[in-house]
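Input: a single structure, listed below in structure tokens.
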Amino acid sequence: MKYAFVFPGQGSQAIGMGKDFYENFGVAKEMFETASDVLGLDFKKLLFEENDLLNQTQYTQPAIFLVSQIAHTILQQESPLLAHFALGHSLGEISALCVALGVGFEDGLRLTKARGEMMTKACEGKDAGMMVIVGLSDEVAEEATSSWRNQGKSVWCANYNGDGQIVLAGKKSDLASIEEPIKALGAKRALLLPMSVASHCPLLESMCEPFEELLRKYLKPKFALPIISNATTKPYDTAEQAYELLRLQLISPVLYKQSILAVDEHIDAYIELGHNSVLKGLNKRLSQKPTLTIANTQTLQESISQLEQQ
558 MKYAFVFPGQ GSQAIGMGKD FYENFGVAKE MFETASDVLG LDFKKLLFEE
608 NDLLNQTQYT QPAIFLVSQI AHTILQQESP LLAHFALGHS LGEISALCVA
658 LGVGFEDGLR LTKARGEMMT KACEGKDAGM MVIVGLSDEV AEEATSSWRN
708 QGKSVWCANY NGDGQIVLAG KKSDLASIEE PIKALGAKRA LLLPMSVASH
758 CPLLESMCEP FEELLRKYLK PKFALPIISN ATTKPYDTAE QAYELLRLQL
808 ISPVLYKQSI LAVDEHIDAY IELGHNSVLK GLNKRLSQKP TLTIANTQTL
858 QESISQLEQQ
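So in my numbering, the last spot in the sequence shown is 867, and the numbers never skip.
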């Protein structure tokens, strides 16, 4: 059996994520403590108590990264399973990088927090936002956003999540202005997201160079397994490739749908590592291959049981 590990990005966070693992596995407690020490954050408080910080991107990103790494570490502890590919959704590509031994756990924490901070800074004063649209084809969305840019609006396709679901990025005022026109084109829903950053579009251009400098500081030369690039859907396994691809990812749309279609014929199942089952839901629309989730003790046991039967 061949497997692809998949890792979620922003939007999968929730208060309480990682708590089940924390309460049931010593290694999870150790990783929480390490993360808290490395970043000077109380991750127990951030993830287990009601607060507003978890939805701020500089905290969201290392929190999601931490829970994904805990899920992977526990899976490896409980099962000898090895992946043939790793891929993630946006931030999840950094989680994939860590599992592929392209960056250490502690440096991955530093990298994800810095990524969030840089995104926030890059979008300051730019009226940045994102909008999810449902029920429109990729082609119609691309043509429409191109036409609106020609009219002076700052709107881009930022995530291709699956048939009928696309996320746009740009200026909030411009996104709000196209809500009704995009419905007139056939979209069933157009919803502005509660975000103050605009990921995967040219509004992040100013962070590309400093982020690449961090990649050069933290990445290891060769990876243990190929990662599928969000920006190109092609596999890569060296730091030299990653410098350009992870920089490009910041200002390019996340080709998640296309990435799944590219890897699908080469694997037998997907394993989602992290809180919730967001990617499992997307994968169901894209592939007939199963997606198993490692989100808590129950899903861990269920997934291992299914894997042992295959």
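Here a beta-carbon is modelled for each residue, glycine too, at the ideal position from N, C-alpha and C.
* With A701 as the anchor, note down where its alpha helix (DSSP H) starts and where it stops. => D695 to N707
* Asked: Leaving out the 5 sequence neighbours to the left and right, which residues in its chain are closer than 6 angstroms to A679 when beta-carbon positions are compared?
  -> Correct list, in chain order: L761, S763 and M764.
* DSSP state of I735 mapped onto helix, strand, coil -> coil
* Taking one C-beta from the region 733 to 753 and one from the region 848 to 861 each time, how about it: are there three or more such pairs within less than 8 angstroms? -> no
* Minimum length 4: unbroken alpha helix (DSSP H) runs contained in the region 594 to 631 -> 600 to 605
* Outcome for D594 when other beta-carbon atoms lying within 10 angstroms are tallied against a minimum of 16 -> exposed
* Asked: Are G727 and S753 touching if we call contact CB-CB under 9 angstroms?
  -> no
* In this structure, what does DSSP give as the bridge partners for C758? -> According to DSSP, which records beta bridges pairwise, C758 is partnered with nothing at all.
* Asked: So, helix, strand or coil for P767, using DSSP?
  -> helix
* Endpoints, alpha helix (DSSP H) assigned at V656 -> G649 to V656
* **Run of the alpha helix (DSSP H) containing I817, from where it starts to where it stops** => Y813 to V820
* Pick from T617, D577, F622 and E663: whose alpha carbon is nearest that of Y775? -> E663
* Should S834 go down as buried or exposed, given a rule of 16 or more other Cβ atoms within 10 Å for buried? -> buried
* Asked: Less than 9 angstroms separating the beta-carbons of T630 and V584?
  -> yes
* Which residues in the same chain have their Cβ closer than 7 angstroms to the Cβ of N716, if we skip the five residues on either side of it in sequence? -> I723, V724, H757, P810, V811 and Y813
* Asked: Is the CB of G597 under 9 angstroms away from at least one CB in chain C?
  -> Of the protein chains in the structure, only one exists, and it is not chain C.
* Just checking my contact of P619 with L654 at CB under 8 angstroms: how many whole Å lie between their CB atoms? -> That belief does not hold up - the Cβ atoms of P619 and L654 are roughly 14 angstroms apart, past 8 angstroms.
* Considering only the beta carbon of each residue, do F578 and I828 sit closer than 9 angstroms? -> no
* Asked: Relative to the C-alpha of M588, which residue among L611, S625 and Y560 is closest?
  -> S625
* Closest Cα partner of G686 within the set L732, Y560 and G661 -> L732
* Return the first residue and the last residue of the alpha helix (DSSP H) that V835 is part of. => V835 to L843
* Asked: Just the Cα atoms here: how many angstroms apart are L794 and I651?
  -> It is worth fixing the name first, because residue 794 is Asp in this sequence and not Leu. Using only the alpha carbons, I get a separation of about 13 angstroms.
* Assign K779 to one of three DSSP states: helix, strand, or coil. => strand
* Starting from the Cα of L849, find the closest Cα among A640, F582, F768 and F600 and give me that residue. => A640
* **beta strand (DSSP E) segment containing I572, residue limits** => Unbroken run through I572: none, as it is neither H nor E.
* Asked: Considering only the beta carbon of each residue, do V656 and F564 sit closer than 9 angstroms?
  -> Yes. Within cutoff.
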